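**Q**
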Amino acid sequence: MGKYIVRRLLQMIPVILGATFLIYAMVFALPGDPTAGKCGERPCPPAYVAKFREEHNLNDPLLVQYGKYLGKLAQGDLGTSFYGIPVKEELAKRYVTTGKLALMAVAWETLIGIFAGVLAGIRKGKFIDNLVLVSTLLVISIPVFVIGATLQMFLGVRMGLFPVTVSSQATFYELLLPSFVLASASVAYIARLTRANMVENLRADYVRTAIAKGLTRRRAVGLHTLRNSLIPVVTYIGVDIGALLGGAIVTERIFNIQGVGGFLFRSIGARDGVAVVGTVTALVVVYLFANLLVDLLYGVLDPRISHD
Amino acid sequence: MTEATTIAVGQETHVAEASEGGARSLASDAWRQLKKNPIFWVSVVLIAIFVLMAAVPQLFTSTDPTEAVLKDARMRPNADAWFGRDIQGYDIYARTIYGARASILVGVFTTLGTVILGSALGIIAGFSGGWADTLVSRITDIFLAIPLLLGGILFMATFPNNADSPYIVVVLKVVLALTILGWPSLTRLMRSSVMQVKPNDYVQAARALGASPWRIIRSHILPNAMAPVIVVATINLGVYISVEATLSFLGIGLTPPAISWGVSISDALVALRTTPHILLFPSLFLSLTVLAFIMLGDAVRDAFDPKTR
Numbered sequence: 001m002g003k004y005i006v007r008r009l010l011q012m013i014p015v016i017l018g019a020t021f022l023i024y025a026m027v028f029a030l031p032g033d034p035t036a037g038k039c040g041e042r043p044c045p046p047a048y049v050a051k052f053r054e055e056h057n058l059n060d061p062l063l064v065q066y067g068k069y070l071g072k073l074a075q076g077d078l079g080t081s082f083y084g085i086p087v088k089e090e091l092a093k094r095y096v097t098t099g100k101l102a103l104m105a106v107a108w109e110t111l112i113g114i115f116a117g118v119l120a121g122i123r124k125g126k127f128i129d130n131l132v133l134v135s136t137l138l139v140i141s142i143p144v145f146v147i148g149a150t151l152q153m154f155l156g157v158r159m160g161l162f163p164v165t166v167s168s169q170a171t172f173y174e175l176l177l178p179s180f181v182l183a184s185a186s187v188a189y190i191a192r193l194t195r196a197n198m199v200e201n202l203r204a205d206y207v208r209t210a211i212a213k214g215l216t217r218r219r220a221v222g223l224h225t226l227r228n229s230l231i232p233v234v235t236y237i238g239v240d241i242g243a244l245l246g247g248a249i250v251t252e253r254i255f256n257i258q259g260v261g262g263f264l265f266r267s268i269g270a271r272d273g274v275a276v277v278g279t280v281t282a283l284v285v286v287y288l289f290a291n292l293l294v295d296l297l298y299g300v301l302d303p304r305i306s307h308d
Numbered sequence: 001m002t003e004a005t006t007i008a009v010g011q012e013t014h015v016a017e018a019s020e021g022g023a024r025s026l027a028s029d030a031w032r033q034l035k036k037n038p039i040f041w042v043s044v045v046l047i048a049i050f051v052l053m054a055a056v057p058q059l060f061t062s063t064d065p066t067e068a069v070l071k072d073a074r075m076r077p078n079a080d081a082w083f084g085r086d087i088q089g090y091d092i093y094a095r096t097i098y099g100a101r102a103s104i105l106v107g108v109f110t111t112l113g114t115v116i117l118g119s120a121l122g123i124i125a126g127f128s129g130g131w132a133d134t135l136v137s138r139i140t141d142i143f144l145a146i147p148l149l150l151g152g153i154l155f156m157a158t159f160p161n162n163a164d165s166p167y168i169v170v171v172l173k174v175v176l177a178l179t180i181l182g183w184p185s186l187t188r189l190m191r192s193s194v195m196q197v198k199p200n201d202y203v204q205a206a207r208a209l210g211a212s213p214w215r216i217i218r219s220h221i222l223p224n225a226m227a228p229v230i231v232v233a234t235i236n237l238g239v240y241i242s243v244e245a246t247l248s249f250l251g252i253g254l255t256p257p258a259i260s261w262g263v264s265i266s267d268a269l270v271a272l273r274t275t276p277h278i279l280l281f282p283s284l285f286l287s288l289t290v291l292a293f294i295m296l297g298d299a300v301r302d303a304f305d306p307k308t309r
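Taken in order, these protein sequences are the chains called C and R. Read left to right, the first sequence gives residues 1 to 308 (full-length UniProt numbering). Read left to right, the second sequence gives residues 1 to 309 (full-length UniProt numbering).
(1) Would you list, in sequence order, the uninterrupted beta strand (DSSP E) runs of no fewer than 3 residues that lie entirely inside the segment 63 to 122 of chain C?
(2) Following the continuous alpha helix (DSSP H) through R/H277, name the residue where it begins and the one where it ends.
(3) Measuring only the C-alpha atoms, how far is C/S167 from C/E174?
(4) For C/G125, report the span of its alpha helix (DSSP H) as first-last.
(5) With burial defined as no fewer than 16 other Cβ atoms inside 10 Å of the residue's Cβ, what is the status of R/G182: buried or exposed?
(6) Leaving aside the five residues before and after C/N59 along the sequence, list all residues of the same chain whose C-beta is less than 7 angstroms from its C-beta, in chain order.
(7) Residues of chain C with CB under 7 angstroms from R/A177, in chain order?
(8) Looking at chain C, is there any beta carbon in it that lies within less than 8 angstroms of the beta carbon of R/V290?
(9) Give a yes or no on whether 8 angstroms exceeds the smallest Cβ distance from R/R138 to chain C.
(10) Name, please, each residue of chain C whose Cβ falls closer than 8 angstroms to the Cβ of R/F155.
(11) Taking C/G76 as the reference, which of C/L133, C/A282, C/I142 and C/L292 has the closest Cα?
(12) Taking only beta-carbon positions, decide if C/A210 is within less than 8 angstroms of chain R.
(13) Please give me, in chain order, every unbroken run of the alpha helix (DSSP H) with length at least 4 that falls completely inside the segment 202 to 263 of chain C.
(14) Give the secondary structure of R/A8 by DSSP, where H, G and I count as helix, E and B as strand, and everything else as coil.
(15) Does chain C have any CB closer than 8 angstroms to the CB of R/S192?
(16) When the Cα atoms are used, what is the spatial distance from C/G99 to C/G79?
(17) Report yes if the CB atom of C/T150 is closer than 8 angstroms to the CB atom of C/Q258, and no otherwise.
(18) Between C/M26 and R/I153, what straight-line distance do the alpha-carbon atoms span, to the nearest angstrom?
(19) Mind pulling the chain R residues with CB within less than 7 angstroms of C/P14?
(20) Assign C/R208 to one of two classes, buried (16 or more other C-beta atoms within 10 Å of its C-beta) or exposed (fewer than that).
(21) Does the Cβ of R/P147 have 16 or more other Cβ atoms within 10 Å, making it buried, or fewer, making it exposed?
(22) In whole angstroms, what is the alpha-carbon distance linking C/R94 and R/L149?
(23) Does the pairing of the segment 97 to 105 of chain R with the segment 242 to 258 of chain C give three or more beta-carbon distances under 8 angstroms?
(24) Give, in chain order, every unbroken run of the alpha helix (DSSP H) that is at least 4 residues long and sits entirely within the segment 78 to 159 of chain R.
(25) Could you tell me whether the segment 280 to 298 of chain C touches the segment 207 to 222 of chain C, where touching means 3 or more Cβ pairs closer than 8 angstroms?
(26) From the DSSP output, in three-state form, read off R/T179 for me.
(27) Is the segment 114 to 129 of chain R close to the segment 182 to 194 of chain R, with three or more CB pairs under 8 angstroms?
(28) Pair every Cβ in the segment 181 to 193 of chain C with every Cβ in the segment 128 to 146 of chain C, then say whether three or more of these pairs are closer than 8 angstroms.
(29) Could you have a look at R/A73 and say whether DSSP puts it in helix, strand or coil?
(30) R/V231: buried (16+ other C-beta within 10 angstroms of its C-beta) or exposed?
(31) Going along the chain, which residues of the segment 237 to 254 of chain R sit with their C-beta nearer than 8 angstroms to a C-beta in chain C?
(32) Beta-carbon separation of R/A177 and R/M156 under 8 angstroms?
(33) Would you say R/A299 touches the ligand FMN, meaning its beta carbon is less than 7 angstroms from a heavy atom?
(34) Check the Cβ-Cβ distances between R/T158 and every residue of chain C, and say whether any is below 8 angstroms.
(35) Are R/G89 and R/I259 touching if we call contact CB-CB under 8 angstroms?
(36) Let me know if R/I221 comes out buried or exposed under the rule of 16 or more other beta-carbons within 10 Å of its beta-carbon.
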């Protein structure tokens, strides 16, 4: 187990290096002048521009810049944004909010997605099954920002059930609706995935054996079938965390949440390279760790899979 | 794009009738299966309509989509403007018809790009193994670590559109962004598919007979390893159309004056509180297109999957 984790951590290093380099190269090519608009209604004095460019290593060629950045990154320093605020500080605040949002989205996914999938799977071909299949297909085909804006409109503005926007405290109640919107497409995918696996596993020999030896249907389905059907679902949730963090950009924009997504979007607009690379690097690292965690979870779900 | 690989739906297809003698190939078997599936025909008809809409919008409407009648802005649907008018006074019906082109172009070109790039690299990795496999797999890992939407936003911010960028350039930029980020999932799929086909006897036999690697790939490996890639690519086509709309919603995908469903939806959100019909029609068309491609992919998957027979 320990060996496996160490190997996985080592494998992460080239991925992080490659991904940050890609992002860095793209940000390096971002058009526009980062000092534009920093000195009010007139162009910045040349001395200031020179100092600014020197401070942020903007005069070096791409590889040298990237090297210097990596040097700092290795010491846990994400650099300072073009506004002079350490990126780490900016992210620490916002990561809590986006983290809450993403975790609540995962909770929606597992609760509703798996429940609907199991229900459809054990009632295959019945009304509830068709209802789940059709409704999930509908949810998948509607873009998330349409779902978000419409739910905000009807549940938030018209009926007043949920707060329309999220304050900087980002309380549980305020995040209920946004996290549901963020999770909506994934809920649909998970319901379908769970259903498909349930249907397949219910036909398996070990379920027939379990019933034949006198187990109740509840125990045969709940313990044996469900546990075996969940492995691909857990994999999906792990991969989906990346999509959730990316998708948060859209949700945070609709509900005015002060999270990582909004910060990233603003930083791209402000040509703030250091902030963009730092944010994306953090996202990629979180994503990779989430996947490692999922792989370790396999062992818990299925003792046949071991990491030794 | 693991989403696509997991839209596992069991549209239970019926047991194939006993063959009327003679050997049948996998493809012809799948086709017989498909022909009987009503979902397949529904999605094919829908897709045909949307492709026709994209190719010759004049067939559907004679109204100019760039003609803004400001005094009639936000008008509800009526006999003159079937879907009403949006906040700029554009005819929503005409805008929706003309908007199909951008979505279809982005979807089709991105799918072509990812399939060509993804399967080429997947075949190289799966067929040759060794250091080529390691190299391709590690590069795939790197690209997979960057979420599609995030990378798309960065790419589009790096190469922004001007008001006078030609239409096709604007579209191709989105295509390029989505292709660069979309190929790795297909590479993975193709690689594992090729690795499954490679040890088969007919491949070994071809090699023993002295066939060149190129010939083995072209006439033995590719036809037998292509099915999962085709299925996922079809579903992805819908997903890409949806992502294009999302980028346009964020203001960095297609940008006005380009006409697209994403741009229309983005504009309509401003007016959602008072005139929701502006949002309804472009979203409806967009969703129907995405739906059609997902259903087509599902139907093709079921046809190729012997387990559902």
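Ideal Cβ placement from N, Cα and C applies to all residues, glycine included. Predicted model only: the values in this text are computed from it and were never measured.
**A** From the atom records:
(1) Counting only runs of 3 or more, we get nothing.
(2) First-last of the alpha helix (DSSP H) with R/H277: H277 to F304.
(3) Their Cα atoms are separated by approximately 8 angstroms.
(4) Where C/G125 is concerned, there is no enclosing alpha helix (DSSP H), given that its DSSP letter is neither H nor E.
(5) Note on R/G182: 16 or more other CB atoms within 10 angstroms of its CB, so buried under the neighbour-count rule.
(6) R53, listed in sequence order.
(7) Here the premise fails: no neighbours, minimum Cβ distance about 10 angstroms.
(8) So, interface residue.
(9) Closer than 8 angstroms: yes.
(10) Those are M26, listed as they occur along chain C.
(11) Ranking the options by Cα distance to C/G76, first place goes to C/A282.
(12) No, C/A210 does not count as interfacial toward chain R.
(13) Every unbroken stretch of the alpha helix (DSSP H) spanning 4 or more residues and falling wholly within the segment 202 to 263 of chain C is given here in chain order: 205 to 212 and 226 to 254.
(14) Summary for R/A8: the model assigns pLDDT 41, below 50, so the residue's position carries little reliability, and this model does not support an answer.
(15) So no, R/S192 is outside the interface.
(16) The straight-line gap from Cα to Cα measures roughly 22 angstroms.
(17) In this structure, C/Q258 does not lie closer than 8 angstroms to C/T150 by Cβ.
(18) Taking the straight line joining both Cα atoms gives about 11 angstroms.
(19) Against C/P14, the close residues of chain R are R138, in the order they occur along the chain (beta-carbon pairs closer than 7 angstroms).
(20) Under the 10 Å beta carbon count, C/R208 is surrounded by fewer than 16 other beta carbons and is classified as exposed.
(21) Buried, since its Cβ has 16 or more Cβ neighbours within 10 Å.
(22) Straight through space, the alpha carbons of R/L149 and C/R94 are spaced by roughly 19 angstroms.
(23) With a cut-off of 8 angstroms on Cβ pairs, the segment 97 to 105 of chain R is not in contact with the segment 242 to 258 of chain C, counting fewer than three such pairs.
(24) Segments of the alpha helix (DSSP H) lying fully in the segment 78 to 159 of chain R: 92 to 128, 130 to 144 and 148 to 158.
(25) Judged by Cβ distances under 8 angstroms, the segment 280 to 298 of chain C makes no contact with the segment 207 to 222 of chain C, as fewer than three pairs qualify.
(26) Note: R/T179 maps to helix in three-state DSSP.
(27) Contact between the segment 114 to 129 of chain R and the segment 182 to 194 of chain R is present, because at least three Cβ pairs lie under 8 angstroms.
(28) In short, these stretches touch, since the Cβ pair count reaches three.
(29) Here R/A73 sits in coil by DSSP.
(30) Label assigned to R/V231: buried.
(31) Taking 8 angstroms as the cut-off between beta carbons, the residues of the segment 237 to 254 of chain R near chain C are G238, S242, A245, T246, F249 and L250, in sequence order.
(32) Judged by their CB atoms, R/A177 and R/M156 are nearer to each other than the 8 angstroms cut-off.
(33) Absent from the structure shown: the ligand FMN. Ligands present: none.
(34) Chain C, which has a Cβ nearer than 8 angstroms to the Cβ of R/T158, makes this yes.
(35) Taking C-beta atoms as the reference points, R/G89 and R/I259 fail to come closer than 8 angstroms.
(36) Of the residues assessed, R/I221 falls on the buried side of the cut-off, its CB having 16 or more other CB atoms within 10 angstroms.
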